[in-house]
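A quick write-up on the structure given underneath.
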Amino acid sequence: MIDFNYESDFVLENETAIAEWISQVVVSENKTEGDINYIFCDDEYLHQINVEYLDHDTLTDVISFDYSLGNEIHGDIFISVERVQDNAVDYNVPFEDELRRVIIHGILHYCGYKDKSEADELLMRKKEDEKLALFHVEQ
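Number 117 in the UniProt record's numbering belongs to position 117 of the sequence shown; there are no gaps in the numbering.
Right, dumping it as C-alpha cells:
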C-alpha cells in the first residue's frame with residue numbers, strides 16, 4: 001500500500017498515477033509492495049529529521065527509512081519539496097521530473113541500490129532514468 005502524507009502546503013496532483021508507477025517499479029525489480037509512506041515536507045522539517053535520526057546537520061532532498069522484510073518493500077520516504085524545487089532549478093529540469101526522480105530514488109534504495117561511491121551513484125542514476133521512462137510510457 002502506497003500512502004501520501006503532507007507536512008506542508010504541497011499536494012501531489014496525480015497521486016493515483018504516481019502510486020501505480022511506484023507499484024510497477026517495485027514489480028520490475030522483482031520485489032513485493034508492502035507499506036510505503038511518502039511524507040512531503042519543507043526543508044526545516046526534513047533537516048530536523050536529518051539531525052535527530054541520522055546525526056547529519058545538512059539539508060537534503062530525500063531521506064528514506066527502510067523497514068523492508070526480505071523481498072517485501074516497506075518504508076517511510078521523506079521528501080523536502082523546497083529542496084526538489086531548488087534542485088530542479090539547479091539542474092535545469094522541470095519540477096515534476098525532479099520530483100519523480102526523488103520519489104523513485106527512495107524505492108531504488110529499498111531495492112538494494114546505493115549511491116555512496118561514484119560507481120554506485122552512476123548505477124543509481126541509470127536505474128532512476130530507466131524507472132522514470134516507465135512513468136512516461138504509462139501516461
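Using N, Cα and C, we set each Cβ at its ideal position, and we do this for glycine too. Model, not experiment: these values are computed from the prediction.
Flag this pair as yes or no: are the beta carbons of residue i and residue j separated by less than 8 Å?
{"i": "residue 63", "j": "residue 40", "result": "no"}
{"i": "residue 25", "j": "residue 116", "result": "no"}
{"i": "residue 147", "j": "residue 20", "result": "The shown model of the chain, from 1 to 139, leaves out residue 147, and the question about it has no answer."}
{"i": "residue 32", "j": "residue 71", "result": "yes"}
{"i": "residue 76", "j": "residue 65", "result": "yes"}
Per DSSP, residue i forms a beta bridge with which residues?
{"i": "residue 33", "result": "73"}
{"i": "residue 173", "result": "Here the chain comprises residues numbered 1 to 139, so residue 173 is not present and cannot be evaluated."}
{"i": "residue 41", "result": "80"}
{"i": "residue 3", "result": "37"}
Excluding five sequence neighbours on each side, which residues of the same chain lie with their C-beta closer than 8 Å to the C-beta of residue i?
{"i": "residue 42", "result": "7, 8, 80, 81 and 82"}
{"i": "residue 95", "result": "84, 85 and 88"}
Looking only at its chain, what residues have a beta carbon closer than 7 Å to the beta carbon of residue i, apart from the 5 residues adjacent to it on each side?
{"i": "residue 61", "result": "79, 80, 83, 84, 87 and 102"}
Who are the Cβ neighbours of residue i in its own chain at under 6 Å, not counting the five residues just before and after it?
{"i": "residue 2", "result": "19, 22 and 36"}
{"i": "residue 137", "result": "Confidence is the limiting factor: at residue 137 the pLDDT is only 46, short of 50, which leaves the residue's position unreliable, though a coordinate-based value still follows. Correct list: empty, nothing qualifies."}
{"i": "residue 15", "result": "4"}
Would you call the stretch 105 to 113 and the stretch 20 to 36 touching, i.e. three or more CB-CB distances under 8 Å?
yes
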